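Everything on this sheet refers to the single structure shown next.
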Amino acid sequence: MTIAAGREVVLPCVVNNLGSYKVAWIHTDKHTLLTLHDRVITRNVRYSISHNGYRTWWLNIKDVEESDKGEFMCQINTSP
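Number 80 marks the last residue of the sequence shown (full-length UniProt numbering); no jumps.
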C-alpha cells in the first residue's frame, strides 16, 4: 500500500472469537509496539486505535510521514 505524505491511512485487522485476548499493532520494521487493546503505547500522537466491539480493529495514522514506511502487523496476545 502506498500513501502520500500528509494523508491519513487506516489499517484494518479482523479477528474472530477474540474472547479475553488482546489485539496489538506492531511496526515490524522498527520492532515497535504501537498499541495494545485500546491503548496507544507509542508516544506518536498521529497514531490512534479504534474498533467496533471485538471483531474489527483499525490502526489510524494521521499526517503520514516518510518515517512511517514499513510493515505493520496486528497480532493477538494470548498471555496476560
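Note that beta-carbon positions come from the ideal geometry of N, C-alpha and C, so glycine has one too. Bear in mind the structure is a predicted one, so any value in this text is a computation, not a measurement.
Same chain, Cβ closer than 6 Å to residue i, five either side skipped, listed in chain order
i: H37; result: K22
i: S50; result: W58
i: D29; result: G70, E71
Residue i and residue j closer than 7 Å at C-beta
i: R43; j: I61; result: no
i: V14; j: T56; result: yes
i: R6; j: D63; result: Before going further, note that residue 6 is Gly rather than Arg in the sequence given. Against a cut-off of 7 Å, the Cβ pair of D63 and G6 comes out as a contact.
Inter-residue spacing [alpha-carbon to alpha-carbon] between residue i and residue j
i: D68; j: E8; result: 11 Å
i: E66; j: Y54; result: 31 Å
i: S48; j: T2; result: 19 Å
i: L11; j: C74; result: 9 Å
i: A4; j: H31; result: 23 Å
Chain-order list of residues whose beta-carbon lies under 7 Å from that of residue i (same chain, five-residue window excluded)
i: L33; result: A24, I26, I41
When the options are compared against residue i, the one with the closest alpha-carbon
i: I76; options: A5, T35, K30; result: T35
i: N16; options: G6, M1, A5, N52; result: N52
Neighbourhood of residue i by C-beta, 8 Å cutoff - its chain only, sequence neighbours within 5 removed
i: R39; result: I49
At what residue ranges does the UniProt domain "Ig-like" (1-80) contain a whole run of the beta strand (DSSP E), taking only runs of 3 or more? 9-14, 22-27, 32-36, 47-51, 56-61, 72-77
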